[in-house]
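*Asks:* For the sequence shown, position 154 (counting from the first letter as 1) is numbered 153 according to numbering that gives the first Met the number 0, and the numbering increases by one without interruption. Yeah, the Cβ is synthetic: ideal placement off N, Cα and C, and Gly gets one too. Keep in mind that this is a model prediction, so the values were computed, not measured. A single structure is presented below for examination.
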Amino acid sequence: MDSLSDFVGSLGLYMATVLAGLFIHGFIILPLILFIITRMNVFKYIRGMSQALVTAFGTASSSATLPVTYRCVEEKNHIDPRVSRFVLPVGATVNMDGTALYEAVAAIYIAQLNGIPLNAAKIIVTTFTSTLASIGAASIPQAGLVTMVIVLNALGLPAEEVRTIFAVDWFLDRFRTAINVFGDSIGCAVVNHLSRKELDALDNKKLLADNTDTNNPNSSVSFLVPNNTTTFPSNHMEPVAYANPTYSNQPETTVDDDDDDNIMDQTSF
């Protein structure tokens, strides 16, 4: 670069290129994929994800936005929690499509800034390397700047040239994080649509099992009563049934007063 103004101008064009690519990917390609596969209302889905996108822009971290993403996907866009609880954590770790786009554009910009031409083979290498580097990037602010060194080394570019984009990376990082989160939610909706039959089958099976338990209340406790039971004798006496009193012709037995006196004499207090 001949002057500072030329460098600032080229840096502005670089930022515009990254933002344009993120906009095309986030608001044209991803919604088109959502509509073609699921036939959902794209505008309603984006409106339901607005809170998660704003949080991602503010925190610049997919992991920090994950609780809000759960709520937007499940409560506003009605995605099955069994799908979202599996897809979103994986997406927050692996799916960094905005970061991949940013690293590819940044590598090409640094190469042009240093006057190094890139042929078709090197551009293909840039594409694959940026994708792999974005997968390995952590879901924390400005993690893509660290993995950017891998892309530059693959192209034979000096790693210290990362400093040329360091000043504006904090700003671009917020936009690409929002696209990463939106891409995770789109993948969640696609998986939910493709696995709808399996989820319904599981729900019907569970409902049938619940109805069976409700109709047969003894089935759940039948194992408590064994077939061969052992009875133990009780300490309580069996009730005695008294018959009606009958009178016999035998003479009554009387106790003499002398016997009573003898009994009283034998008793001492």
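Is F181 near the ligand SAM, judged by its Cβ being under 7 Å from some heavy atom?
*Replies:* What this structure holds is no ligand at all, so the ligand SAM is not there to describe.
*Asks:* Suppose contacts are defined by Cβ-Cβ distances below 8 Å. Is L144 in contact with F127 by that definition?
*Replies:* By 1-based counting over the sequence shown, the position of residue 144 is 145. By 1-based counting over the sequence shown, the position of residue 127 is 128. Their beta carbons are not under 8 Å apart, which means L144 does not touch F127 by this criterion.
*Asks:* For the alpha helix (DSSP H) containing S9, name the first residue and the last one.
*Replies:* The residue labelled residue 9 in the question sits at position 10 within the sequence shown. Segment 3-23, the alpha helix (DSSP H) holding S9.
*Asks:* On the criterion of 16 or more Cβ atoms from any shown chain inside 10 Å, does N6 qualify as buried, or is it exposed?
*Replies:* If you number the sequence shown from 1, residue 6 lands on position 7. The question names Asn, but residue 6 in the sequence shown is Phe. Only exposed fits F6, as fewer than 16 other CB atoms lie within 10 angstroms of its CB.
*Asks:* Quick check: L21 and I178, are their CB atoms within less than 8 Å of each other?
*Replies:* As a working note, residue 21 is residue 22 in the sequence shown. As a working note, residue 178 is residue 179 in the sequence shown. Taking 8 Å as the Cβ cut-off, L21 and I178 qualify as a contacting pair.
*Asks:* DSSP three-state label for A177, please.
*Replies:* Within the sequence shown, the letter at position 178 stands for residue 177. Three-state DSSP puts A177 in a helix.
*Asks:* Does the beta-carbon of R195 have 16 or more other beta-carbons within 10 angstroms, so that it is buried, or is it exposed?
*Replies:* Position 196 of the sequence shown, counted from the first residue, corresponds to residue 195. By the 10 Å Cβ count, R195 comes out exposed.
*Asks:* Spatial neighbours of E160 within its chain, please: CB distance less than 6 Å, with the 5 preceding and 5 following residues excluded, ordered by chain position.
*Replies:* As a first step, residue 160 must be located in the sequence shown, where it is residue number 161. Cβ neighbours of E160 beyond the five flanking positions: I109.
*Asks:* Among G186, L201, L100, N118, which has the Cα closest to the Cα of M14?
*Replies:* As a first step, residue 14 is located in the sequence shown; it is residue number 15 there, counting from the start. Distances from the alpha-carbon of M14 to those of G186, L201, L100, N118 put L100 closest.
*Asks:* Measure the alpha-carbon distance for V93 versus A136 and round it to whole angstroms.
*Replies:* For the purposes of this step, residue 93 is identified with residue 94 of the sequence shown, where counting begins at 1. For the purposes of this step, residue 136 is identified with residue 137 of the sequence shown, where counting begins at 1. Between V93 and A136, the C-alpha separation is close to 8 Å.
*Asks:* Do the segment 191-206 and the segment 73-87 meet, that is, are 3 or more Cβ pairs less than 8 Å apart?
*Replies:* yes
*Asks:* In chain order, which alpha helix (DSSP H) runs of at least 4 residues are fully inside the segment 140-197?
*Replies:* 143-153, 162-193
*Asks:* Do L87 and C187 have their C-beta atoms within less than 8 Å of each other?
*Replies:* Numbered from its first residue, the sequence shown carries residue 87 at position 88. Numbered from its first residue, the sequence shown carries residue 187 at position 188. For L87 and C187, yes; Cβs fall inside 8 Å.
*Asks:* Compare the beta carbon distance of T146 and E102 with 8 Å and say whether it is the shorter of the two.
*Replies:* For the purposes of this step, residue 146 is taken as residue 147 along the sequence shown, with counting starting at 1. For the purposes of this step, residue 102 is taken as residue 103 along the sequence shown, with counting starting at 1. The answer is yes: Cβ separation under 8 Å.
*Asks:* Cutting at 6 Å between CB atoms, please list the residues of its own chain near I139, excluding the five before and the five after it.
*Replies:* Numbered from 1 along the sequence shown, position 140 holds the residue referred to as residue 139. Result list for I139: S60, in chain order.
*Asks:* Classify N76 as helix, strand or coil using the three-state DSSP reduction.
*Replies:* As a first step, residue 76 must be located in the sequence shown, where it is residue number 77. When DSSP states are grouped into helix, strand and coil, N76 belongs to the coil group.
*Asks:* Output needed for I122: all residues of its chain with C-beta closer than 8 Å, excluding positions within five of it in sequence on either side, in chain order.
*Replies:* As a first step, residue 122 must be located in the sequence shown, where it is residue number 123. For I122, where only same-chain residues beyond five positions count, the Cβ hits under 8 Å are I107.
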